[in-house]
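In what follows, a single structure is set out as structure tokens and then discussed.
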Amino acid sequence: MASERRMSCWMCPRYDRAERHCKDGKTNPKRKSETKEVAEQLGVQSICHYNPYRDLFAIRMYFPESPMAKTVRRRSRRRGGVDVIEILEGESGNA
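Okay, here's the thing in structure tokens:
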């Protein structure tokens, strides 16, 4: 998803350049974390349709049991730092 380009508000057909705001009253956060905050506080409907993360959060919020939501969650958990400790047999520290 990060490879998708976010349309800037200035280029959007729904942006009023004279008034310098969205005609629909939408917001278009730049980062995924900001998009998540807006979705949690104001709802997915307040995020611009051109935001690359909007659909991801809509699926998670409205269809948490869908296979797509579970797949996305599973991927994000793997990215976390995991320490792997390997215990070798025969190494007890006694020489």
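Every number in our numbering is 11 more than the matching position in the sequence shown, counting from 1. Beta carbons: idealized from backbone N, C-alpha and C, even for Gly. Bear in mind the structure is a predicted one, so any value in this text is a computation, not a measurement.
Buried or exposed, going by whether 16 or more other CB atoms sit within 10 Å of the CB of residue i?
| i | result |
| --- | --- |
| A50 | buried |
| L53 | exposed |
| K34 | exposed |
| R28 | exposed |
| P24 | exposed |
Where residue i and residue j are concerned, what is the direct C-alpha to C-alpha distance, given to the nearest angstrom?
| i | j | result |
| --- | --- | --- |
| F74 | Y61 | 21 Å |
| C20 | S77 | 31 Å |
| S44 | E30 | 27 Å |
| K81 | R16 | 24 Å |
| K41 | A69 | 17 Å |
| V55 | R65 | 7 Å |
DSSP three-state label for residue i, please.
| i | result |
| --- | --- |
| D66 | helix |
| M22 | helix |
Can you name the start and end residues of the alpha helix (DSSP H) that residue i belongs to?
| i | result |
| --- | --- |
| Q52 | K43 to L53 |
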